[in-house]
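Enquirer:
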Amino acid sequence: MNKKQIAILSVGNILHKDEGIALYASKYLESNYSFHPSVDIIHGGVEGMSLLNIFMEYEEIIVLDVIGMEDSPGAIYQFPMDTFRGFSTDEDDNETSVLGCLNLIEHQGNALPKVSLLAIIPETIEPKIGLSDALIKTFEAYVAMLVKSLEDKGFTSDEKAEKQTIESIIASFTN
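The sequence shown begins at 1 in full-length UniProt numbering and counts up by one.
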């Protein structure tokens, strides 16, 4: 089977405030940038193990998510798969679903895609739509790190003339 080149996979839950940042970032990227060659942007949300086919279709996947680590809210981390597979995932269902998919693919004897995690430390995960002030302040840096990561892989990016704001992206999820 010929695999597609690369995908951006956002996981998280917009109903739990900062946990939705990955979905907002992927929608922001999709609304404000074009890439050459094209990049598939997949809004995975809380799909869990139903994401399995996505991991089997691509050579490389960049997963966007939040991560619970001892650091300041808004701190951004990028890890290769081997590093984040070693984290305890007892508290993070999104990472568990990603890791569960990878473990199942490996258990079946299939080749794993190259997977990396671009994660941000949340300030608050409470039942509310939107982002905390800390994540609003670092949102542009989070997206910029993703764009740079793609450019480092040989993709070119073009910003669209009419840009959507993070506020309009968040509002689009509530309509």
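Built from N, CA and C at the ideal position, the CB exists for glycine as well.
Which runs of the beta strand (DSSP E) fall wholly inside the segment 94-132 and span at least 3 residues, in chain order?
Expert: Segments of the beta strand (DSSP E) lying fully in the segment 94-132: 114-120.
Enquirer: Between the Cα of T138 and those of T174, F55 and A75, spot the shortest distance and give me the residue it belongs to.
Expert: Minimum Cα distance to T138 is reached at A75.
Enquirer: Drop a sphere of 10 angstroms on the beta-carbon of G20, count the other beta-carbons inside from all chains shown, and report buried for 16 or more, exposed for fewer.
Expert: Per the 10 Å Cβ criterion, buried.
Enquirer: Provide the residue span of the alpha helix (DSSP H) that contains K27, from first to last.
Expert: Looking at the DSSP string, the run of the alpha helix (DSSP H) that includes K27 is I21 to N32.
Enquirer: Which residues mark the beginning and the end of the alpha helix (DSSP H) in which I54 is found?
Expert: Here the alpha helix (DSSP H) through I54 covers L52 to E57.
Enquirer: Could you give the DSSP three-state label for V143: helix, strand or coil?
Expert: Reduced to three states, the DSSP call for V143 is helix.
Enquirer: Taking I169 as the reference, give the member of L104, Y28, I41 and L99 with the closest Cα.
Expert: With distances taken between Cα atoms, I169 lies closest to Y28.
Enquirer: Is it true that the CB of E123 sits closer than 7 Å to the CB of P80?
Expert: Not a contact, by the Cβ cut-off of 7 Å.
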